[in-house]
Amino acid sequence: VINGNKVFISGADEEARELYCYNLKTGELLWTVSANNIPGSPVQMPKTTQDTGLAASTVATNGKQVCAIFASGDLICSDMDGKRLWAKNLGIPTNHYGYASSLLTFGNSLIVQYDNSNSPKVTALDIATGKELWNKNRTDKITWSSPIIAYVNKKPQLVLMGNPSITAYNPNNGEQYWRVEGLSGEVASSPCSAADIVFGASEYAALIAVDANTGEVLWQTNDFLPEVSSPVATKDNVYLATSYGVLACYDTKSGELRKSYELDTEFYSSPVITEGKLYIFSNSGKVYIYAANSDFGLVNSFETGEKTFATPAFTDGRIVVRTENSIYCVASKS
């Protein structure tokens, strides 16, 4: 996550859970905040898979505070200069791969999707104090998906995915707006939205387009479905990447498959659209750049030489991406 001249990431192992801040221009480590001395924090870390680890969740910031959550259930909040403001343990999430849902800021609130096999819920906290603002119990099964804010007729909707549903809430109080069933299995992909339409997909189920004004299903297809990677949409097209190497482009309104590529690679990273181009990193570290239009033509591709599972961030002509062993910042020549 990038804010101004700062890059925030988290990391963890059996000994420590930490939030890091780097200088965007130089890569210098500015400060570290530890998730230690937290009441209720487990002595022994929960078991996770190597793919997930203990710090899979993306951190979140509103420009005043920055927060990180770990598979132990430890949640910490710091100011922008590395002073820890508050910390709490939400309880160890019962999750056989490890907790992976990313945090989300909305105004002065921090939203936590805490779906697990024991007590799935979504909670909003005051980001400055950690005080609970509202809490909504959920019936969806365990998930690794992350929440988004979709603006529908200029009004915000908090959209979550799980098994079996895509659900929209009022982010101010947790009131449910609509719920659509149709997902199944282990839901790890996150929703996206464009032109008042919410899109959600899970492997072995479907890509579903929902009219976010009414909760009505507009169309669904199961041609190609993501496992981990999340789709991205414009008013004209929705794009997705599969774990078996397919990149696909669908018409936003009709669901018609416009174009697809079968590549000899895997994708966990999510596609990102910026300045009319779609960027995506393969697991092996190859970067693909496509035109983000209906033609969906390949613009360029190149190898980075490092395995990459994270989604890149873009700012002021720079790409910041976390690979298996490093963090890179690449700037355009101009």
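Position in the sequence shown (first residue = 1) + 236 = the numbering used here.
We put the beta carbon where it would ideally sit given N, CA and C, even for glycine.
With 16 other Cβ atoms within 10 Å as the buried cut-off, status of residue i
{"i": "Glu251", "result": "exposed"}
{"i": "Asp531", "result": "exposed"}
{"i": "Gly343", "result": "exposed"}
{"i": "Val557", "result": "buried"}
{"i": "Thr285", "result": "exposed"}
{"i": "Gly521", "result": "buried"}
{"i": "Thr365", "result": "exposed"}
{"i": "Pro407", "result": "buried"}
{"i": "Glu560", "result": "exposed"}
{"i": "Val566", "result": "exposed"}
{"i": "Gly553", "result": "exposed"}
{"i": "Pro204", "result": "This structure cannot speak to residue 204, because the chain is shown only from 237 to 570."}
{"i": "Val423", "result": "buried"}
{"i": "Asp249", "result": "exposed"}
{"i": "Thr375", "result": "exposed"}
{"i": "Asn352", "result": "buried"}
{"i": "Gly398", "result": "buried"}
{"i": "Ser465", "result": "buried"}
{"i": "Ser562", "result": "exposed"}
{"i": "Asn354", "result": "exposed"}
Euclidean distance between Cα positions of residue i and residue j
{"i": "Met316", "j": "Gln456", "result": "42 Å"}
{"i": "Ser496", "j": "Gly541", "result": "25 Å"}
{"i": "Pro269", "j": "Thr450", "result": "Before going further, note that residue 269 is Val rather than Pro in the sequence given. When rounded, the distance between both Cα atoms is 43 Å."}
{"i": "Glu539", "j": "Val474", "result": "25 Å"}
{"i": "Tyr577", "j": "Gln393", "result": "Here the chain has residues from 237 to 570 only, and residue 577 is not among them."}
{"i": "Val302", "j": "Ala323", "result": "12 Å"}
{"i": "Gln412", "j": "Lys569", "result": "47 Å"}
{"i": "Phe435", "j": "Leu260", "result": "32 Å"}
{"i": "Cys485", "j": "Glu492", "result": "9 Å"}
{"i": "Asn273", "j": "Ala304", "result": "15 Å"}
{"i": "Val237", "j": "Asn458", "result": "32 Å"}
{"i": "Lys391", "j": "Val295", "result": "24 Å"}
{"i": "Ala445", "j": "Arg415", "result": "12 Å"}
{"i": "Leu419", "j": "Thr262", "result": "43 Å"}
{"i": "Leu461", "j": "Met281", "result": "32 Å"}
{"i": "Gly289", "j": "Ile555", "result": "24 Å"}
{"i": "Trp267", "j": "Tyr256", "result": "6 Å"}
{"i": "Tyr440", "j": "Val348", "result": "26 Å"}
{"i": "Glu463", "j": "Ser425", "result": "6 Å"}
{"i": "Glu368", "j": "Leu534", "result": "47 Å"}
{"i": "Val395", "j": "Ile402", "result": "7 Å"}
{"i": "Leu212", "j": "Gly276", "result": "Lying outside 237 to 570, the shown extent of the chain, residue 212 is not represented and no answer is given."}
{"i": "Val482", "j": "Thr470", "result": "19 Å"}
{"i": "Val523", "j": "Asn536", "result": "8 Å"}
{"i": "Lys242", "j": "Phe550", "result": "12 Å"}
{"i": "Glu264", "j": "Glu452", "result": "49 Å"}
{"i": "Ala291", "j": "Leu339", "result": "12 Å"}
{"i": "Lys372", "j": "Asn409", "result": "9 Å"}
{"i": "Ala546", "j": "Asn389", "result": "31 Å"}
{"i": "Trp380", "j": "Ser337", "result": "5 Å"}
{"i": "Leu346", "j": "Leu321", "result": "14 Å"}
{"i": "Glu417", "j": "Lys319", "result": "43 Å"}
Distance between beta carbons of residue j and residue i, contact taken as under 8 Å
{"i": "Pro507", "j": "Val468", "result": "5 Å"}
{"i": "Ala271", "j": "Phe306", "result": "6 Å"}
{"i": "Tyr504", "j": "Pro548", "result": "With 8 Å as the limit, Tyr504 and Pro548 do not qualify as a contact, their Cβ atoms being about 13 Å apart."}
{"i": "Ala528", "j": "Lys513", "result": "6 Å"}
{"i": "Ser293", "j": "Tyr335", "result": "7 Å"}
{"i": "Ile328", "j": "Gly299", "result": "Rounded, the Cβ-Cβ distance is 31 Å, inconsistent with contact."}
{"i": "Glu598", "j": "Ser518", "result": "In this structure the chain extends from 237 to 570, so residue 598 is not present and cannot be described."}
{"i": "Thr510", "j": "Ala431", "result": "So it is not a contact: roughly 18 Å between Cβ atoms."}
{"i": "Ile245", "j": "Cys313", "result": "Not a contact, Cβ separation roughly 16 Å."}
{"i": "Ala386", "j": "Ser429", "result": "4 Å"}
Where the beta strand (DSSP E) containing residue i begins and where it ends
{"i": "Leu419", "result": "Taken as a continuous stretch (DSSP letters only), Leu419 belongs to no beta strand (DSSP E), as it is neither H nor E."}
{"i": "Asn536", "result": "534-539"}
{"i": "Arg320", "result": "320-325"}
{"i": "Gly289", "result": "Looking at the DSSP string, Gly289 is not in any beta strand (DSSP E), and its letter there is neither H nor E."}
{"i": "Arg374", "result": "No beta strand (DSSP E) holds Arg374; DSSP gives it neither H nor E."}
{"i": "Phe244", "result": "242-248"}
{"i": "Ile363", "result": "First-last for Ile363: undefined, no H or E at that position."}
{"i": "Leu394", "result": "391-397"}
{"i": "Val237", "result": "That residue, Val237, is in no beta strand (DSSP E); it is neither H nor E in DSSP."}
{"i": "Thr403", "result": "401-405"}
{"i": "Thr551", "result": "549-551"}
{"i": "Tyr333", "result": "Counting along the chain, Tyr333 falls outside any beta strand (DSSP E), and DSSP gives it neither H nor E."}
{"i": "Tyr350", "result": "From DSSP, Tyr350 is part of no beta strand (DSSP E); its letter is neither H nor E."}
{"i": "Ala567", "result": "563-567"}
{"i": "Phe517", "result": "513-517"}
{"i": "Lys543", "result": "Per DSSP, Lys543 belongs to no beta strand (DSSP E) and is neither H nor E."}
{"i": "Val527", "result": "One detail in the question is off: residue 527 reads as Ala in this sequence, not Val. Residues 522-527."}
{"i": "Ile555", "result": "554-558"}
{"i": "Ile385", "result": "384-388"}
Any non-hydrogen atom of the ligand SAM within 6 Å of residue i CB
{"i": "Asn344", "result": "Inclusion of the ligand SAM in the displayed structure is not the case, the ligand content being empty and no account of it being possible."}
Residue-level contact to chain C via CB, residue i, 7 Å cutoff
{"i": "Ala448", "result": "Among the protein chains of the structure shown there is no chain C, as only one such chain exists."}
Which whole runs of the beta strand (DSSP E) in the segment 421-507 are 3 residues long or more, in chain order? 428-430, 433-437, 443-447, 452-457, 473-477, 482-487, 493-498
What runs of the beta strand (DSSP E), each 3 residues or longer, lie entirely inside the segment 249-315? 253-259, 265-270, 301-305, 310-315
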